Amino acid sequence: MVASTTVATNNGRVSIRRATSKDDLMAIRDWQDHYFGTECDPGQLPFELAHAAGWTESDGPDINVLPLVAEHQDVMVGCAVAVVEKHKQTVANLPEATFDAETIAGEWNGWMMLAFVDPVWRGQGIGSQLFSTRLDWL
822 MVASTTVATN
832 NGRVSIRRAT
842 SKDDLMAIRD
852 WQDHYFGTEC
862 DPGQLPFELA
872 HAAGWTESDG
882 PDINVLPLVA
892 EHQDVMVGCA
902 VAVVEKHKQT
912 VANLPEATFD
922 AETIAGEWNG
932 WMMLAFVDPV
942 WRGQGIGSQL
952 FSTRLDWL
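If you're matching positions, the sequence shown starts at 822 in our numbering and goes up one per residue.
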């Protein structure tokens with residue numbers, strides 16, 4: 822369980838909490854799509870976020886997802902995602918390269934998937950808190 826936390830900024834207090842609603846997860850998807858693009862249709866979520874929403878068939882302990890939102894007065898000013906997955910899934914997701922994926926992947930593998938802070942809010946500790954929260958969870 823991840824406890825909510827707050828960051829004091831020049832623009833007021835920002836709360837960081839687990840993204841729990843469909844609206845939270847769709848907002849993270851929108852930011853991800855804006856900065857990186859996604860491989861899913863509008864209205865759909867990438868696998869990790871769909872899993873966090875409970876929309877996947879994988880109900881075993883093969884993946885754990887921590888989606889976070891940073892909010893100021895109910896407006897999202899940042900977000901982040903961390904994932905922990907089992908060896909088999911990590912090997913399947915690693916890109917082809919000169920290394921042996923079977924060898925380098927551990928039994929469980931943690932990933933800092935993405936993090937965004939709105940440009941107006943950068944430089945005020947929000948990204949650092951999103952990073953620390955994910956690192957503590959991993």
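C-beta: ideal position from N, C-alpha, C; glycine also. Since the structure is predicted, the reported quantities are computational estimates derived from the model, not experimental observations.
Just the C-alpha distance for glycine 875 and glycine 944, rounded to the nearest angstrom, thanks. 34 Å
Do you know how far the Cα of glycine 948 is from the Cα of valine 835? Those two C-alpha atoms are separated by around 11 Å.
Bridge-paired residues (DSSP) for threonine 826: Ile837, per the DSSP bridge assignment.
Go through its chain and collect everything with a Cβ distance to valine 938's Cβ below 8 Å, but skip five positions before and after it. Ala891, Val898, Gly899, Ile947, Gly948, Leu951
Under the three-state DSSP convention, the category alanine 922 falls into: helix
To the nearest angstrom, how far is it from the Cα of methionine 934 to the Cα of valine 886? 10 Å
Quick check on DSSP: helix, strand or coil for glycine 944? coil
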